[in-house]
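Working notes for the structure below.
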Amino acid sequence: MPRRIRQRAAAGVLGKFLTRRSRGRCELCSGKDDLRIHELPPFPEEPDPDNTLLACARCRTWLEAGKIEPIEARFLSTAAWSDLPSVRDAARRLLEAIPGGDPWVQDAIEATDWT
Ligand SMILES: [Zn+2]
């Protein structure tokens, strides 16, 4: 199955790239727990670093569930200012999942809008 082999090879290169970019830490919270590649929808044909981030177990769970623990989420106000589009995009998705509209959440969501 050549397609599968090609995808795995691409993921390997991407994984190395992301590990270097992230310095081996979650690109959202700097955690080190079970880091894996997380691709944001919509999924492109080829893996795209601008659409992908290295994320720890907690952040991946939050991204997949669209539900987060606001009390643990203050790191998102830093991630919102990342110069990486995928990190800002992921931070925004998580910030928008926080109910209540705290002022720091609104400020952080606005921060993700810079280009
Ligand atoms: Zn994390």
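In the working numbering, the protein residues as written are 1 to 115. Using N, Cα and C, we set each Cβ at its ideal position, and we do this for glycine too.
Using a Cβ-based criterion (distance less than 6 Å to any ligand heavy atom), does residue i qualify as near ligand 1?
| i | result |
| --- | --- |
| Leu53 | no |
So which of the options has the shortest CA-CA distance to residue i?
| i | options | result |
| --- | --- | --- |
| Cys59 | Glu45, Ala91, Ala111 and Glu46 | Ala91 |
| Leu53 | Pro44, Thr61, Asp113 and Leu28 | Leu28 |
| Asp102 | Ser77, Asn51, Ser22 and Asp48 | Ser77 |
| Cys56 | Glu46, Pro85, Gly24 and Ile109 | Gly24 |
| Pro41 | Ser22, Arg93 and Ile71 | Arg93 |
| Pro47 | Ser30, Trp104, Ser86 and Trp81 | Ser86 |
When we look at the beta-carbon of residue i and count the other beta-carbons within 10 Å, is it buried (16 or more) or exposed?
| i | result |
| --- | --- |
| Ala73 | buried |
| Pro62 | The amino acid at residue 62 is misidentified as Pro; the sequence shows Trp. That one is buried. |
| Ile68 | buried |
| Arg88 | buried |
| Ile71 | exposed |
| Ala129 | Given that the chain is displayed from residue 1 to residue 115, the structure contains no residue 129 and the question cannot be resolved. |
Can you list, in chain order, every residue whose CB sits closer than 5 Å to a heavy atom of ligand 1? Cys26, Leu28, Cys29, Gly31, Cys56 and Cys59
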